[in-house]
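This report refers to the structure that appears directly beneath it.
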Amino acid sequence: MGKGKISRRTFLIRGGLSTIGVLAVGTYVFRNALRRKALKFVDTTDALYVGNTNDPMLWFEITKNNTIILHSPKVEMGQGIFTGLAQMAADELEISMDQIKVVHASTDSGNIDGLSTGGSLSIAGLWHPLRELAAVTREIIKAEAAAKLGVEMRYLTVSNGTLTANGKTMSYAEVMEGVTEWTLPEVSPTLKQLKDYRFIGKPIPRIDLYDKVFGKPIFGMDAEMPNMLYGAVVRPDRIGATFIDADTSDAEQMPGVVQIVKESDFVGVIAHSYMEAENAKNAIKVNWKVERHWQSKDIEDLIKVGNGRSQIIQKEGNSDKVLQEDDVLTMAFTSPIGAHAQLEPNGVVASVEADRATIIISTQVVGITRKEVAECLGFREEQVTIIPTYLGGGFGRRLHTPHAMQAALMSKAIGKPIKYFFNRKEEFQNDMFRPPTHHILKAKLNDDGLIEAIEHQVSSGDVAHNSPILPHFVLPLIGADIGAIRGAYIRYSRIPNQKVVSWHVDLPFATSWWRSLGLLANTFAIESFMDELTIRSGKNPVHFRLEQIHDDEAGQRLKAVIKAAVKTSGYQDEVRNGRAMGFAASVDSGTPCAQVVEVSIDDNHIKVHKVTCALDPGVVVNPDQVRAQCEGAIIMGLSASLYERMYVKDGALYPTVYGPYEMALMRHAPKDIDVVLLQGMDDAGPVGEPPLGPIGAAIGNALRRLTGRRYRNLPLSLV
Amino acid sequence: MEISFTINNLSQTIELEDGQTPLLWVIRDILDLKGTKFGCGMAACGACTIHIDGEAVRACSFPVEMAGGKHITTIEGLGTPEHPHPVQQAWIDAIVPQCGYCQPGFIMATAALLNKIPNPTDEDIDRNIINICRCATYYRMRKAIHKASQLQSQTVNPLKS
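Taken in order, these protein sequences are the chains called A and B. Per our numbering, the very first residue in the first sequence carries number 1; after that it's consecutive. Per our numbering, the very first residue in the second sequence carries number 1001; after that it's consecutive.
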């Protein structure tokens, strides 16, 4: 059975506008206070899903063997979204977990996410709409079954995709066989109570587990098309290089080369095999125009508080006045350029014919990939099919897919499908990096040892700005980059005088979304500084923080995770047997997180033995996957905090390979990770990024106790 | 040139021009075994780890001409859902994978380690398992490796029984 036709009613619409959309309808010129209000809205608004939530038939497909296929507009990049969505849908559909399958929705299915898979918003954004869609689908089937069985709906019992009345049973598939026009119920069905769910809240093993353990071909890199050839594109290895022209005479003579493709802004080669394409590409001599040979020092000078545009994003009381007095503590912190370094290179298979194109790709922005490919080919969007695959890591890297356009142009030129992917050097030198940051914090303590005034100024390159996801007017409209300021707010709400200023600098290379955006660097700066203030106040680091948080709902949730992390870890502010504990907390997109680390210095290396993490994301759909997200975020954050750093030398970005780009390996990962999950609200909130916040500061705070030094720069270094 | 080897218990003969072609691309693009992954092409990440005569080898940096007469095993030949290798069973029990891209390489590296050191200590694991996982599933992997070691020791060796 295919997808049924429905008579459309629009009672299920919720969301539909993203937070960005809501902002966009406001007036263009905001005064500062209004801008802050707008930013506060971004910081606190519930996650909305941007896509269709009123047509169940875009989402669910009932098959003859009584399985329901969920066409997911969210892509699976490791976060376990397919499993979470399956649990949510199965519970309201009244089917078992083995009766539901999840596939990526191709653009032909019509179920397209209007924004992206990102921002830790997938479960949060679909928590209400998907369960309602599933419940409506169940009700549609029940109504049809009642008609077919000749009974009233209320006499039907439903279980595991089978309906029973008067001793007669029918499967969902039997009920819907031959049905082409379905009527949506008048009233949206009531959702079940949390306690009545069979799957939501349970640690169901992820549904892609077997595919991933037995090496099934599920990633973009594994895709092929009949008669496919291999493409390669010469990429610049210098910052700011623009393409002038290329000498391809040597490449044309290389074995396996079928055609050289010269476009206005790139040159590519098409060959019979990957190695032949790669070798020929290396024989092309490109004439690049490079205006300036940048060095790391140039970038460090650019990223300084005081450069570029600024916007006050948080203001209470009058910190300017208090911080002009005596006894003000000022400290600066920095974080480096970070690479995504996802294992699966960016790649794509493209087939372009006279009037249509098909693209198989690992992408976090299915709709934007389609729009861009259509534009570059001069097609309407309906002429382009995007088939998303499992992602070999996302982390924000796949929110940019211009390589899909290049593959499409190469396919158009040769008239055959083209497979094309980056090599590792190209990945490192053409990444959409995490921007470097610079932070200046100032504070003054009162006579009781509490903070009288605090100020955080942060300078960053683009995160959200210049991304195809956001309209270009957003930055001028709200004055701050909404990605760079993630984690920049002061959450210690009882401090009477507070100010946070975001500075935005244009960098000569592209920077963008990297898992948790500004959260890691901002939390490192704020929570390291809080720790320094604690030491000066003579108070216990935990009490010092708890005392300065209001008892409103957000404050209570933050306090609860702090207390849970302290209790579970047995946190003590002392060095014992060469090990120190470090504490830090953060709030990201409404999800509070507190972490305690146990650290020692072994052979001049920083060793993290144990991490305790308390997180309150609200309702948890799959506790096993939420734990997995915490474990992964903690180690990824540890990796970024202790090892990772790109540098700029003579106009190029380095390193260009794993190894020199140091990352956490097995030997660096804590042997003990203890995750405590709290449910401080009735909604499902963000999970994937919030636990990346505290780890860097927590390690730095432990090191402060071991060495007496304050560590102010990421990656943390003992020398 | 012509190269013959055994892969996942099947003998194969490959005809190709450049014997320097990395074995990885022969496995993936000619033999169509896509479970062995390309990560870096420089033997730095381990996503392409396979077994050659029982030893863990990074296929992206192994010229195909050196594979002549060898016995190669890839993730597709290690175990099946019906008969998983102990390492795969341990991976399932611990729900290790996230994105999954690097996992075949880790599973192959672990299977080779357990052949050499059936009961590895944490230090053995740290020294030998040096692949890269960007999702950072290391915490569960370590547990799974110890579990796999137990499962393997419980498995009856058919040659001895």
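The beta carbon of each residue, even a glycine, is placed where N, CA and C say it ideally should be. Just so you know, these numbers come straight off a predicted model, no measurement behind them.
For the stretch 1094-1106 of chain B, the set of residues with a beta-carbon nearer than 7 Å to any beta-carbon of chain A comprises Ile1095, Pro1097, Gln1098, Cys1099, Gly1100, Tyr1101, Cys1102, Gln1103 and Pro1104, in chain order. Secondary structure within the stretch 1075-1160 of chain B: the alpha helix (DSSP H) runs of 4 or more consecutive residues, fully enclosed, are 1075-1078, 1086-1093, 1103-1116, 1122-1128 and 1138-1154 (chain order).
Contacts between Asn423/A and chain B, judged by CB atoms closer than 7 Å, involve Gly1041 in chain order. Chain-order list of chain A residues neighbouring Gln1088/B: Val213 and Phe214, by C-beta distance under 8 Å.
Near chain A, meaning a CB-to-CB distance below 9 Å, the residues of the stretch 1011-1042 of chain B are Leu1016, Glu1017, Asp1018, Gln1020, Thr1021, Pro1022, Trp1025, Arg1028, Asp1029, Ile1030, Asp1032, Leu1033, Lys1034, Gly1035, Thr1036, Lys1037, Phe1038, Gly1039, Cys1040, Gly1041 and Met1042. The C-alpha of Arg645/A lies about 45 Å from the C-alpha of Tyr197/A. A straight-line Cα-Cα distance of about 18 Å links Met228/A and Pro388/A. The stretch 474-490 of chain A makes contact with the stretch 503-514 of chain A, as at least three CB pairs between them are under 8 Å. Nearest Cα to Val267/A within the set Asn282/A, Val676/A, Thr707/A and Gly518/A: Asn282/A.
Between Gly685/A and Thr591/A, the gap from beta carbon to beta carbon is short of 8 Å. In the same chain as Thr1137/B, and ignoring 5 residues on each side of it, the C-beta atoms closer than 6 Å to its own belong to Val1096 and Gln1098, in chain order. Counting only the Cα atoms, Val322/A lies some 8 Å from Asn497/A. Listed in chain order, the beta strand (DSSP E) elements of length 3 or more contained wholly in the stretch 512-600 of chain A are 579-588. Counting along the chain, His403/A sits inside the alpha helix (DSSP H) bounded by residues Pro402 to Ile414. Not a single C-beta of chain B is nearer than 8 Å to the C-beta of Val50/A. Note on geometry: alpha-carbon atoms of Val233/A and Val328/A lie some 54 Å from one another.
Bridge pairing for Tyr711/A: absent [DSSP]. Met1001/B is classed as exposed because its beta carbon has fewer than 16 other beta carbons within 10 Å across all chains shown.
Considering only beta carbons, the part of the stretch 70-83 of chain A lying closer than 9 Å to chain B consists of Glu76, Met77, Gly78, Gln79 and Gly80, in chain order. Contact between Phe583/A and Asn701/A is confirmed by a C-beta separation of about 6 Å, below the 8 Å threshold.
Shortest Cα-Cα distance from Val561/A to any of Tyr571/A, Glu527/A and Leu677/A involves Leu677/A. Under the three-pair Cβ rule at 8 Å, the stretch 1002-1017 of chain B does not count as touching the stretch 327-344 of chain A.
In this chain, Cys376/A is not harboured by any beta strand (DSSP E); it is covered by the alpha helix (DSSP H) spanning Val366 to Leu377. The DSSP-derived three-state label of Thr1021/B is coil.
According to DSSP, residue pairing for Arg486/A in a beta bridge does not occur. Around Cys1048/B, no beta-carbon contact reaches into chain A at under 8 Å, the shortest distance being about 11 Å. For Val657/A, the closest C-alpha among the options Arg1028/B, Ala1044/B, Lys1037/B and Val1026/B is that of Ala1044/B. Contact note: Arg1142/B reaches chain A through Met666, Ala669 and Lys671, using a C-beta cutoff of 8 Å and chain order.
Along the stretch 256-275 of chain A, going in chain order, the ones with a CB nearer than 7 Å to a CB of chain B are Ser273, Tyr274 and Met275.
Taking each of Asp355/A, Ile313/A and Ser411/A in turn and checking the Cα distance to Val349/A, the smallest one comes out for Ser411/A.
Using a Cβ distance threshold of 8 Å, Ile635/A and Tyr1101/B do not count as a contacting pair. Setting aside the 5 residues that flank it on each side, Arg370/A is surrounded in the same chain by Thr107, Glu381, Val384 and Ile386, each with a C-beta closer than 7 Å to its C-beta; the list follows chain order. In the DSSP assignment, Gly268/A falls within the unbroken beta strand (DSSP E) covering Val267 to Ala271. Remark: C-beta atoms of Gly693/A and Thr523/A approach each other more closely than 8 Å. Interface with chain A (8 Å Cβ-Cβ cutoff): Thr1110/B is excluded. At a Cβ-Cβ threshold of 8 Å, Ala357/A and Val373/A count as neighbours.
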